[in-house]
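Reading the sequence shown from the start, the letters are residues 1 to 166 in our numbering.
One structure is given below, encoded as structure tokens.
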Amino acid sequence: MKTKWKWMLLIAGMLSSMSFAASASELRPFVDGSWASIVKAHAGRPTIVHFWGLSCRPCRTEMPVWGQLIKQRHGFDFVTVETDMAPSPPEQIEAFLSNAGLSKTTEAWRFADGFAEKLYFQVDPKWQGEIPMTIFIGKDGHIERHVGVEDAKAINSWLDAQNIAR
């Protein structure tokens, strides 16, 4: 009986370490409860969560700007969530993120629940799904939501307020 428990603990430990060993660019399914998981996982760290879509032209234009910003500024977490309801192949999303300079340092998610309104509501009860949308979560937990293409000056001001080195 003790051997059975040892094996179960060993297997559980191996599985949990495998999930943490996943690369930053692994595309994760954004489903019921994912928003709460993201907020919890990044608690106490300045975090930018960017909602975008491959079918959104302003989003596609903006993503390389985020890639440049991440190269220039360190000490904050950047999370992308691809929200297109017409599913794009994961390889296409991953290739786009890579070309934008976001594949190595970004935690990447994609909507994977057919009931998008539920996901919108969990992120922000006022959100109707418009993209691009960026949520800034301060290290103190304060949340700011911005809809539309972000201004680099405003982003840098927020990062400065979070004491993120240039």
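C-beta atoms are modelled at their ideal positions from N, C-alpha and C, and glycine is treated no differently.
Three-way DSSP call (helix, strand, coil) for residue i in this model
| i | result |
| --- | --- |
| THR80 | strand |
| ALA41 | helix |
| ALA165 | coil |
| PRO58 | helix |
| VAL49 | strand |
| MET133 | strand |
| ALA95 | helix |
| ALA86 | coil |
| PHE30 | strand |
| GLU150 | coil |
| ALA108 | strand |
| ALA22 | For ALA22, the pLDDT reaches just 41, beneath the cut-off of 50, and the residue's location in the model is therefore unreliable, leaving the point undetermined. |
Cutoff 8 Å: residue i Cβ touching any chain D Cβ
| i | result |
| --- | --- |
| GLU91 | In the structure shown, chain D does not exist; there is a single protein chain. |
Beta-carbon proximity of residue i to residue j, cut-off 8 Å
| i | j | result |
| --- | --- | --- |
| ILE70 | GLY44 | no |
| ILE93 | ARG110 | yes |
| ALA112 | LEU97 | no |
| TRP35 | VAL123 | yes |
| ARG145 | ARG73 | no |
8 Å CB neighbourhood of residue i in its chain, flanking five on each side removed
| i | result |
| --- | --- |
| ALA86 | SER55 |
| ALA116 | THR83, MET85, GLY129 |
| CYS59 | TRP52, GLY53, ILE131, PRO132 |
| ILE143 | ILE135, PHE136, ILE137 |
| PRO90 | LEU27, ARG110 |
Distance between beta carbons of residue j and residue i, contact taken as under 8 Å
| i | j | result |
| --- | --- | --- |
| THR83 | THR106 | At roughly 15 Å, the Cβ-Cβ gap does not stay under 8 Å, so THR83 and THR106 are not in contact. |
| THR164 | PHE78 | The identity of residue 164 in the sequence shown is Ile, whereas the question assumes Thr. No, ILE164 and PHE78 are not in contact; Cβ-Cβ is about 11 Å, not under 8 Å. |
| VAL167 | GLU62 | There is no way to answer for residue 167, as the model of the chain reaches only from 1 to 166. |
| ILE155 | HIS42 | Not a contact, Cβ separation roughly 17 Å. |
Residue from the options whose Cα sits closest to the Cα of residue i
| i | options | result |
| --- | --- | --- |
| ASP32 | ASP151, LEU119, ILE135, SER103 | LEU119 |
| GLY141 | LYS104, LYS40, ARG28, HIS50 | LYS40 |
Proximal residues to residue i (C-beta, below 6 Å), its chain only, five neighbours per side dropped
| i | result |
| --- | --- |
| TRP127 | TYR120 |
| TRP66 | none |
| HIS50 | THR80, THR134 |
| TRP158 | PHE136 |
heavy atom of the ligand NAP below 7 Å from residue i C-beta
| i | result |
| --- | --- |
| PHE30 | By its list of ligands, the structure shown contains no ligand whatsoever, and the ligand NAP lies outside what it can speak to. |
Close Cβ partners of residue i (< 7 Å) along its chain, the five nearest in sequence each way excluded
| i | result |
| --- | --- |
| LYS139 | GLY44, ARG45, PRO46, GLN162 |
| GLN68 | GLY101 |
| PRO64 | ALA100, GLY101 |
| ILE38 | VAL49, VAL79 |
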